[in-house]
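J.:
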Amino acid sequence: MSAPSSPAPAGPAFLHSTRFQAMVLTALVLFLFWWRLGSLGLIDPDEPFYALTSREMVQSGDWITPRVFGEPQFEKPILFYWETCLAQIVFGDNEFAARVPGALAATLVVFLTWGIGRKLFTPLAGFLGAVVVGSGALFVVMSRLMLTDLSHTLFISAGMYCLWRAFHDEPRRLRWLLALTIASALSMLTKGPQGLLFIAMASVAYARLSGLKSPWSWRHLALCLPLWLLLVVPWYLAMFMLHKSGPTSPATGLAYYWDTFFIHENWDRFFHAEHKGNDHWYYYLEMLIGGSLPWIPLIVAALWETAAHFRQRFRDQPGLTMVICWLVPSYIFMTIAASKLPSYIFFLIVPVALLAGVTLERWIREGFGPIERWAVGFFTLLQGVALIWYLPTFHPNSLPFLPQLIALGIPLTIAGLFALFRKAFLWAAISTAFNVVLVFTAFFWIEARLEGTVGSREICKIAATARKPGEKLVTCSFLGRAAKFYLGETPAAIFVPDQKLLADYGKGNFRPYYPFYSYHPLPQLTIEKQLGEFADTHGSLLCIGEKRDFRLLNTSEGSSVRGRCELLGETGDTPGRAVFRINAKTAK
Numbered sequence: 001m002s003a004p005s006s007p008a009p010a011g012p013a014f015l016h017s018t019r020f021q022a023m024v025l026t027a028l029v030l031f032l033f034w035w036r037l038g039s040l041g042l043i044d045p046d047e048p049f050y051a052l053t054s055r056e057m058v059q060s061g062d063w064i065t066p067r068v069f070g071e072p073q074f075e076k077p078i079l080f081y082w083e084t085c086l087a088q089i090v091f092g093d094n095e096f097a098a099r100v101p102g103a104l105a106a107t108l109v110v111f112l113t114w115g116i117g118r119k120l121f122t123p124l125a126g127f128l129g130a131v132v133v134g135s136g137a138l139f140v141v142m143s144r145l146m147l148t149d150l151s152h153t154l155f156i157s158a159g160m161y162c163l164w165r166a167f168h169d170e171p172r173r174l175r176w177l178l179a180l181t182i183a184s185a186l187s188m189l190t191k192g193p194q195g196l197l198f199i200a201m202a203s204v205a206y207a208r209l210s211g212l213k214s215p216w217s218w219r220h221l222a223l224c225l226p227l228w229l230l231l232v233v234p235w236y237l238a239m240f241m242l243h244k245s246g247p248t249s250p251a252t253g254l255a256y257y258w259d260t261f262f263i264h265e266n267w268d269r270f271f272h273a274e275h276k277g278n279d280h281w282y283y284y285l286e287m288l289i290g291g292s293l294p295w296i297p298l299i300v301a302a303l304w305e306t307a308a309h310f311r312q313r314f315r316d317q318p319g320l321t322m323v324i325c326w327l328v329p330s331y332i333f334m335t336i337a338a339s340k341l342p343s344y345i346f347f348l349i350v351p352v353a354l355l356a357g358v359t360l361e362r363w364i365r366e367g368f369g370p371i372e373r374w375a376v377g378f379f380t381l382l383q384g385v386a387l388i389w390y391l392p393t394f395h396p397n398s399l400p401f402l403p404q405l406i407a408l409g410i411p412l413t414i415a416g417l418f419a420l421f422r423k424a425f426l427w428a429a430i431s432t433a434f435n436v437v438l439v440f441t442a443f444f445w446i447e448a449r450l451e452g453t454v455g456s457r458e459i460c461k462i463a464a465t466a467r468k469p470g471e472k473l474v475t476c477s478f479l480g481r482a483a484k485f486y487l488g489e490t491p492a493a494i495f496v497p498d499q500k501l502l503a504d505y506g507k508g509n510f511r512p513y514y515p516f517y518s519y520h521p522l523p524q525l526t527i528e529k530q531l532g533e534f535a536d537t538h539g540s541l542l543c544i545g546e547k548r549d550f551r552l553l554n555t556s557e558g559s560s561v562r563g564r565c566e567l568l569g570e571t572g573d574t575p576g577r578a579v580f581r582i583n584a585k586t587a588k
């Protein structure tokens, strides 16, 4: 997987220009991550949750305790909220400001991948790896969302690079260990103890496989440990001291925050699946490979090549060994963990892309092998044909999007033909265009339609117009945060199934009433009884939910408001949003 000592130039000469590489990466991130970043409303449920928390911190002046609906919430540590608060102060309280930290972290991850690849492998492999990171479908989508995982990925990646340099750059070892200490501390303040664990596992594995002595000495620990504690302890200590009881845990005193965050949000998630439908051994393999679209055949080839030749090469290729120690222990740990989401594995996209960069450099230098040519060409063509022909033919619901599907399928089809003609560079160049088309499609071509399907900004505008004076506002549990963000008012309650039924509903990720994993501070009304009683007490209720909420509440035999729901407006395609009024029994 490494280049020979005197390699022939790979591909066109301009590919080796540092200036050209920097220009391409800059153009990619500006368009894929930043173009029309704030045009789409916040996407439920996570974006409104984080944005609302940051807004309440700014408005209250309390930058220590994250709060939502005025109540402390302990799902994540503080650093990401600080980043968003600063963005809101600079850019205003809007969608763009909410997404700036994620887009900025994604941008830095791309350039960091470029730098890591240049050092661990070759300048071209680093550039190609950065292109794979920055233009993979999952990374592009997540870079445009308000999530903590981009910042976490940045700090983990920086920490892994500093670890490798600490092993190999003895004259400046202390400098690299101090940088590693800062990166791991920032990770701890972003998502908790996972980052420290992942870096520790990689350090032990690399020392074992490389045969090198650990870079840590007592002197280094004496300097780095106090720095780590200085960065991490003050905020966590404040949380222990400020919050000693509450609704999120039966524990009291110093044990309250420990039980709420370290046990419930970390330990319990490891052993108990929040999303039971995702808890499969192959889930993250699907995310890392499938989420790399259009690079799926490249990722498969890179992982296969690495597995096939690693035992023969790891001793004389320290960069490859480091990437494996970064990837494999953390992947095994995350696979064992019961709670799984695509964003949880984000920090491993970088090592996978670095391996892909090495394989892609070989393809550009030497051409596809006989099997690779047909495999890459066929699979890339298959993806294009699926978008252009299969989906419209066998899934009629996709027909309204036929022009968009054709636009997405064209670059994959052309790239597949180039692969069959052994043009690896052109295959890669045209494949990169796939997510350029994807971003243009989602954030310009069909943005208005997408807006009402996955976000609640437009339905909240309809609700504000349709609402009667003094009418109580209720929402499904999924949309309570968005209603507060866009309407500026805390819903009177959320509606949920009877608590006796929650266990059965949760087994299959039942929607729309699937309960949240963590404590929800809003009052809850059961749809079987309390929702109807609440409507009778107040005369009528204005409800915001998904489209199926309206149908199920108005037609389900178990609903206490069956036949009493009046549709006021809808937005988007399935799942979409609906605003409706629940009338009291006595209403005429």
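Numbered per the numbering used here, the sequence shown spans residues 1 to 588. A virtual CB, placed ideally from N, CA and C, is assigned to each residue, including glycine. This structure is a prediction, so every number in the text was calculated from the model and none was measured.
With distances taken Cα to Cα, identify the nearest neighbour of residue 574 among 551, 563, 126 and 585.
T.: In the sequence shown, residue 574 corresponds to position 574, counting from 1. Nearest option by C-alpha distance: 551.
J.: Going by DSSP, what residues sit across from residue 525 in a beta bridge?
T.: The sequence position of residue 525 within the sequence shown is 525, counting from 1. According to DSSP, which records beta bridges pairwise, residue 525 is partnered with 495.
J.: Are there 16 or more other CB atoms within 10 angstroms of the CB of residue 94, so buried, or fewer, so exposed?
T.: Mapped onto the sequence shown, residue 94 falls at position 94. Result: exposed.
J.: In the DSSP assignment, the beta strand (DSSP E) including residue 579 goes from what residue to what residue?
T.: Against the sequence shown, residue 579 aligns to sequence position 579. It spans 577 to 583 - the beta strand (DSSP E) in which residue 579 sits, taken as one unbroken run.
J.: Starting from residue 474, trace the alpha helix (DSSP H) in both directions and tell me its first and last residue.
T.: Residue numbering aside, residue 474 sits at position 474 when the sequence shown is read from its first letter. Premise fails: residue 474 lies in the beta strand (DSSP E), 472 to 476, not in any alpha helix (DSSP H).
J.: Starting from residue 154, trace the alpha helix (DSSP H) in both directions and tell me its first and last residue.
T.: One-based indexing of the sequence shown puts residue 154 at position 154. Unbroken alpha helix (DSSP H) run through residue 154: 149 to 168.
J.: Are residue 543 and residue 495 close, meaning C-beta to C-beta below 9 Å?
T.: Locating residue 543 in the sequence shown gives position 543, counting from the first residue. Locating residue 495 in the sequence shown gives position 495, counting from the first residue. Yes.
J.: When you compare each of 123, 37, 31 and 68 to residue 45 by their alpha carbons, which one comes out closest?
T.: Translated into positions along the sequence shown, residue 45 becomes position 45. Among 123, 37, 31 and 68, the Cα nearest to that of residue 45 belongs to 68.
J.: Please state the DSSP three-state secondary structure of residue 70.
T.: Position 70 of the sequence shown, counting from 1, holds the residue named residue 70. Of the three classes helix, strand and coil, the one that applies to residue 70 here is coil, per DSSP.
J.: Thinking just about the alpha-carbon of each residue, which of 467, 295, 577 and 403 is nearest to the one in residue 431?
T.: Indexing the sequence shown from 1 puts residue 431 at position 431. Residue 295 is the option with its Cα nearest to residue 431.
J.: Are at least three pairs of beta-carbons, each pair with one atom in the region 306 to 317 and one in the region 386 to 404, less than 8 Å apart?
T.: no
J.: Flag this pair as touching only if the region 50 to 59 and the region 200 to 220 have three or more C-beta atom pairs under 8 Å; answer yes or no.
T.: No, they do not touch.
J.: Taking the CB atoms as reference points, tell me whether residue 11 and residue 353 lie closer together than 9 Å.
T.: Residue numbering aside, residue 11 sits at position 11 when the sequence shown is read from its first letter. Residue numbering aside, residue 353 sits at position 353 when the sequence shown is read from its first letter. No, the pair does not count as a contact, with Cβ atoms beyond the cut-off.
J.: For residue 132, which option in 350, 545 and 456 has the closest C-alpha, if you only look at C-alpha atoms?
T.: By one-based count along the sequence shown, residue 132 stands at place 132. It is 350.
J.: Measuring CA to CA, which of 471, 563, 378 and 152 is closest to residue 539?
T.: Here residue 539 refers to the residue found at position 539 when the sequence shown is read from its first residue. Of 471, 563, 378 and 152, the residue nearest in Cα terms is 471.
J.: Residue 105 to residue 154, Cα distance in whole Å?
T.: Looking up residue 105 in the sequence shown gives position 105. Looking up residue 154 in the sequence shown gives position 154. Near 6 Å, if we compare the C-alpha coordinates of residue 154 and residue 105.
J.: Measure the C-alpha to C-alpha separation of residue 70 and residue 468 and round it to an integer number of angstroms.
T.: Walking along the sequence shown from the start, residue 70 turns up at place 70. Walking along the sequence shown from the start, residue 468 turns up at place 468. One C-alpha to the other measures close to 25 Å.
J.: Strictly by DSSP, which residues pair up with residue 325?
T.: Stepping through the sequence shown from its first residue, residue 325 is reached at position 325. Under DSSP, residue 325 forms no beta bridge with any residue.
J.: Looking at C-alpha atoms only, which residue of 423, 321 and 377 is the closest neighbour of residue 366?
T.: For the purposes of this step, residue 366 is taken as the residue at position 366 of the sequence shown. Of 423, 321 and 377, the residue nearest in Cα terms is 423.
J.: So the candidates are 62, 143, 85 and 119; which of them puts its Cα closest to the Cα of residue 28?
T.: As a working note, residue 28 is residue 28 in the sequence shown. Nearest C-alpha to residue 28: 143.
J.: So the alpha helix (DSSP H) residue 263 belongs to, where does it begin and stop?
T.: To locate residue 263, count along the sequence shown from 1; it is residue 263. Note, residue 263: premise wrong, no alpha helix (DSSP H); not H, not E.
J.: Would you check if the distance between the CB atom of residue 341 and the CB atom of residue 278 is smaller than 9 Å?
T.: To locate residue 341, count along the sequence shown from 1; it is residue 341. To locate residue 278, count along the sequence shown from 1; it is residue 278. Yes. Within cutoff.
J.: Going by the beta-carbon positions, is the gap between residue 459 and residue 531 smaller than 9 Å?
T.: Residue numbering aside, residue 459 sits at position 459 when the sequence shown is read from its first letter. Residue numbering aside, residue 531 sits at position 531 when the sequence shown is read from its first letter. Not closer than 9 Å, so no.
J.: Given this structure, state the Cα-to-Cα distance separating residue 140 from residue 533, to the nearest angstrom.
T.: Stepping through the sequence shown from its first residue, residue 140 is reached at position 140. Stepping through the sequence shown from its first residue, residue 533 is reached at position 533. Rounded to the nearest angstrom, the two C-alpha atoms are 46 Å apart.
J.: Which whole-angstrom value describes the C-beta separation of residue 112 and residue 158, a residue pair presumed to lie in contact below a C-beta threshold of 8 Å?
T.: Taking the sequence shown and counting its residues from 1, the one referred to as residue 112 is at position 112. Taking the sequence shown and counting its residues from 1, the one referred to as residue 158 is at position 158. The pair is a contact, with the Cβ atoms about 6 Å apart (cut-off 8 Å).
J.: Kindly provide the ranges of any alpha helix (DSSP H) runs that are 4 or more residues long and lie completely inside the region 56 to 127, ordered along the chain.
T.: 79 to 91 and 95 to 120
J.: For residue 566, list the residues DSSP reports as bridge partners.
T.: Here residue 566 is taken as the residue at index 566 of the sequence shown, counted from 1. Paired residues: 581.
J.: Take residue 194 as the anchor and find which of 84, 321, 261 and 567 has the nearest alpha-carbon.
T.: As a position in the sequence shown, residue 194 is number 194, starting the count at 1. Comparing Cα positions, the closest option is 261.
J.: Between the alpha carbons of residue 240 and residue 529, how many angstroms are there, rounded?
T.: The residue given as residue 240 occupies position 240 in the sequence shown. The residue given as residue 529 occupies position 529 in the sequence shown. In a straight line, the C-alpha of residue 240 is about 39 Å away from that of residue 529.
J.: In the DSSP assignment, what are the bridge partners of residue 332?
T.: Residue 332 sits at position 332 when you count from the first residue of the sequence shown. Answer is none; residue 332 lacks a bridge partner.
J.: Thinking C-alpha only, which one of 64, 127, 48 and 286 is nearest residue 96?
T.: Counting from one through the sequence shown, the residue named residue 96 turns up at place 96. Restricting attention to 64, 127, 48 and 286, the CA atom closest to the CA of residue 96 is found in 48.
J.: In terms of residues, what are the limits of the beta strand (DSSP E) holding residue 541?
T.: For the purposes of this step, residue 541 is taken as the residue at position 541 of the sequence shown. That run of the beta strand (DSSP E) goes 540 to 545.
J.: Alpha carbon to alpha carbon, how far is residue 457 from residue 41? Give it in angstroms, no decimals.
T.: Working through the sequence shown from its first residue, we reach residue 41 at position 41. Working through the sequence shown from its first residue, we reach residue 457 at position 457. Rounded to whole angstroms, residue 41 to residue 457 spans 6 Å at the Cα level.
J.: If distances are taken between C-alpha atoms only, which option among 461, 74, 473 and 562 comes closest to residue 247?
T.: The residue given as residue 247 occupies position 247 in the sequence shown. Nearest C-alpha to residue 247: 74.
J.: Which term fits residue 549, buried or exposed, when burial requires 16 or more other beta carbons within 10 angstroms of its beta carbon?
T.: By 1-based counting over the sequence shown, the position of residue 549 is 549. Residue 549 comes out buried.
J.: Determine whether the beta carbon atoms of residue 101 and residue 60 lie at a separation below 9 Å.
T.: For the purposes of this step, residue 101 is taken as the residue at position 101 of the sequence shown. For the purposes of this step, residue 60 is taken as the residue at position 60 of the sequence shown. With contacts defined as CB atoms closer than 9 Å, residue 101 and residue 60 fail to qualify as a contacting pair.
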